[in-house]
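**Student:**
Numbering (our numbering), first residue to last: 2 to 128.
Here's what the structure looks like:
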């Protein structure tokens, strides 16, 4: 059985020991939304740490405060994070996030989902 949760901002589920986190279309990722999304993700994890595929392809922009929050507090119960992006500006925003917010877990930016999943395959689920 696949565990799944969603709200107006994202859908999350665990499948094959990877936590999939797919953002809904979002003009701006604010700190309040980031906090809401962390609660959503943690609600299905049962205190286990997962590698996370974070699909940002529908996010237009994110506040610096939201990025900082997700890099630090948002890394709880994550073993690694693959940021999946599509547009050139989204990729540059994600790379800027990595260089300024410095996530607490290994985090990489990908435009190819299969490469992102290959990266995450090196990080096991932890109890």
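Backbone N, C-alpha and C fix where the C-beta goes; we use that ideal spot for every residue, glycine too.
#1: Just reading off the alpha helix (DSSP H) that residue 34 is part of, what are its end residues?
#2: Going straight from the alpha carbon of residue 36 to that of residue 48, what length do you get?
#3: What is the DSSP secondary structure of residue 66, counted as helix, strand or coil?
#4: Check residue 89 in the structure and name its three-state DSSP category.
#5: Would you mind giving the Cβ-Cβ distance between residue 110 and residue 84, rounded to the nearest angstrom? I have them listed as a contact below 8 Å.
#6: For a test of the three-state rule: what should DSSP assign to residue 7, helix, strand or coil?
**Tutor:** Per the coordinate set shown:
#1: 32–43
#2: 17 Å
#3: helix
#4: helix
#5: 5 Å
#6: strand
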